Ligand code: GDP
Ligand code: ZN
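In the numbering used here, the protein residues as written are 96 to 391.
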């Protein structure tokens with residue numbers, strides 16, 4: 096049976112939408128119960144005799160995964176093989192920088208660059224706190240951009256940051272992820288929605304994640320909105336890896352296994368006292384460490 100390679104561009108529980116190497120898009124189902132492809136996976140497929148759907152027979156090893164723990168205490172994979180993470184905050188709902196930090200921590204552990212987008216700039220609610228948070232992210236080496244998905248303000252800058260990469264767009268519900276993606280992709284999104292409706296799965300089909308091509312090359316993955324987010328981390332080492340400034344200062348702590356909480360000779364606590372490390376980022380680190388150790 097001829098095998099073809101393809102990329103998963105949308106998942107509807109056990110149903111998949113794929114883009115074949117030829118660029119052609121097809122529907123697929125999955126061979127067996129053990130394979131769990133997600134958006135972004137590179138898969139092998141073969142035809143099913145007498146049907147238009149393909150059968151997914153294997154998944155290529157992933158470069159990375161964006162994960163989160165689910166309510167049953169297991170790890171859900173939201174997407175795989177992502178090249179950039181775009182975390183969106185906005186004037187409304189009130190920005191939660193702790194959630195932004197956690198997504199950035201996920202990006203660090205995935206080994207990919209991240210962009211912070213502050214949306215709804217047309218509402219003119221960019222106060223000192225917002226300016227300070229964005230400046231801090233830039234100081235840490237993340238790109239930060241203020242946009243309005245409503246007016247298109249600063250979209251050229253955002254498009255330049257997204258060009259030719261596969262990015263996942265994440266952030267709290269209501270910050271404008273769908274509106275941003277619609278503006279970036281034009282009519283493509285509606286087309287994907289129409290596909291699932293035509294297949295008779297109705298309007299209530301839960302689409303876990305969808306990858307949409309950008310007109311100028313590259314793609315964005317639309318992921319389900321979250322009220323709260325914390326990456327599924329395995330150890331305190333991964334928490335430290337998620338906060339590069341803490342990792343850097345931590346190399347000067349007296350104890351190699353310093354957790355930067357109450358240990359003597361802690362260079363991280365010194366850096367916080369000297370304002371070389373942002374107090375809120377340090378608090379963010381402590382909270383995520385507590386969550387991770389409680390779970391472990
Ligand atoms: P999502 O949950 O993150 O996908 O957010 P949506 O894209 O559904 O947007 C949530 C609400 O914010 C909707 O009512 C949008 O019309 C609105 N919205 C999105 N972007 C902007 C923006 O740039 N400015 C303003 N004023 N409203 C926006
Ligand atoms: Zn320390």
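Cβ atoms here follow ideal geometry from the backbone N, Cα and C, with glycine treated the same way.
It should be emphasised that the depicted structure is a prediction, and the values quoted were computed from it without experimental measurement.
Discussion item. Considering just the uninterrupted stretch of the beta strand (DSSP E) at residue 163, what are its terminal residues?
Written reply: What you label residue 163 is simply residue 68 of the chain shown in a count that begins at 1. Secondary structure note for residue 163: its beta strand (DSSP E) is the uninterrupted segment 160 to 164.
Worksheet item: Is the CB-CB distance between residue 362 and residue 344 below 8 Å?
Response: Numbered from 1 along the chain shown, position 267 holds the residue referred to as residue 362. Numbered from 1 along the chain shown, position 249 holds the residue referred to as residue 344. In contact: residue 362 and residue 344 (Cβ atoms closer than 8 Å).
Worksheet item: Taking Cβ to Cβ, would you say residue 260 is nearer than 8 Å to residue 313?
Response: Within the chain shown, residue 260 is the residue found at index 165, counting from 1. Within the chain shown, residue 313 is the residue found at index 218, counting from 1. Yes. Within cutoff.
Worksheet item: Hey, is residue 388 close to ligand 2, as in C-beta under 7 Å from one of its heavy atoms?
Response: Walking along the chain shown from the start, residue 388 turns up at place 293. Because no heavy atom of ligand 2 lies under 7 Å away, the Cβ of residue 388 does not count as near it: no.
Worksheet item: What residues sit near ligand 2, counting only those whose C-beta is closer than 5 Å to one of its heavy atoms, in chain order?
Response: Taking each Cβ in turn, the ones that pass are 348, 353, 355, 361, 363.
Worksheet entry | Start-to-end residues for the beta strand (DSSP E) that takes in residue 362 | As a first step, residue 362 must be located in the chain shown, where it is residue number 267. Run containing residue 362: none in the beta strand (DSSP E); it sits in the alpha helix (DSSP H), 362 to 368.
Worksheet item: The alpha helix (DSSP H) spanning residue 359 covers which residue range?
Response: As a first step, residue 359 is located in the chain shown; it is residue number 264 there, counting from the start. Counting along the chain, residue 359 falls outside any alpha helix (DSSP H), and DSSP gives it neither H nor E.
Item to complete: Taking only heavy atoms of ligand 1 into account, decide whether any of them is closer than 7 Å to the Cβ of residue 126.
Response: Taking the chain shown and counting its residues from 1, the one referred to as residue 126 is at position 31. Distance from the C-beta of residue 126 to the nearest heavy atom of ligand 1 is not below 7 Å.
Fill in: alpha helix (DSSP H) segment containing residue 280, residue limits
By 1-based counting over the chain shown, the position of residue 280 is 185. Residue 280 -> alpha helix (DSSP H) spans 272 to 280.
Fill in: Heavy atom of ligand 1 within 7 Å of residue 303 beta-carbon
Taking the first residue of the chain shown as 1, we reach residue 303 at position 208. Residue side-chain check: residue 303 keeps its Cβ at 7 Å or more from all non-hydrogen atoms of ligand 1.
Discussion item. Please classify residue 190 as buried or exposed, where buried requires at least 16 neighbouring CB atoms within 10 angstroms.
Written reply: Counting from 1 along the chain shown, the entry for residue 190 is found at position 95. Buried, since its Cβ has 16 or more Cβ neighbours within 10 Å.
Worksheet item: Who are residue 106's beta bridge partners in DSSP?
Response: Taking the chain shown and counting its residues from 1, one reaches residue 106 at position 11. The bridge partners DSSP lists for residue 106 are 111.
Worksheet item: Are the stretch 254 to 268 and the stretch 173 to 182 touching, with three or more C-beta to C-beta distances below 8 Å?
Response: Output reads yes: the stretch 173 to 182 touches the stretch 254 to 268.
Worksheet item: Does the separation of the CB atoms of residue 216 and residue 242 fall below 8 Å?
Response: Taking the chain shown and counting its residues from 1, the one referred to as residue 216 is at position 121. Taking the chain shown and counting its residues from 1, the one referred to as residue 242 is at position 147. Going by C-beta atoms, residue 216 is nearer than 8 Å to residue 242.
Worksheet item: For ligand 1, any of its heavy atoms closer than 7 Å to the Cβ of residue 274?
Response: The residue you call residue 274 lines up with position 179 of the chain shown. It does: the Cβ of residue 274 is within 7 Å (strictly closer) of some heavy atom of ligand 1.
Discussion item. Let's see if you can read the secondary structure: which residues bound the beta strand (DSSP E) around residue 266?
Written reply: Start at 1 with the first residue of the chain shown, and residue 266 comes out as number 171. That run of the beta strand (DSSP E) goes 261 to 266.
Fill in: Cβ distance (whole Å) where residue 331 is taken to contact residue 354 below 8 Å
Counting from 1 along the chain shown, the entry for residue 331 is found at position 236. Counting from 1 along the chain shown, the entry for residue 354 is found at position 259. In this structure residue 331 is in contact with residue 354, their Cβ atoms being roughly 6 Å apart against a cut-off of 8 Å.
Item to complete: Name the one or two DSSP bridge partners that residue 142 has.
Response: Taking the first residue of the chain shown as position 1, residue 142 is located at position 47. Looking at the DSSP assignment, residue 142 forms a beta bridge with 149.
Worksheet item: At a cut of 8 Å, does the stretch 120 to 135 reach the stretch 101 to 112 through at least three beta carbon pairs?
Response: Using a Cβ-Cβ distance cut-off of 8 Å, the stretch 120 to 135 and the stretch 101 to 112 are in contact, since at least three pairs of beta carbons, one from each stretch, lie closer than that value.
Discussion item. At the level of alpha carbons, what is the spacing between residue 311 and residue 214?
Written reply: On the chain shown, position 216 is the one that residue 311 refers to. On the chain shown, position 119 is the one that residue 214 refers to. Counting only the Cα atoms, residue 214 lies some 22 Å from residue 311.
Worksheet entry | Inter-residue Cα distance where the pair is residue 293 and residue 245 | One-based indexing of the chain shown puts residue 293 at position 198. One-based indexing of the chain shown puts residue 245 at position 150. Confidence in residue 293 is poor, its pLDDT being 44 and thus under 50, which makes the residue's placement unreliable; the coordinate value appears in the next sentence. Their Cα atoms are separated by approximately 30 Å.
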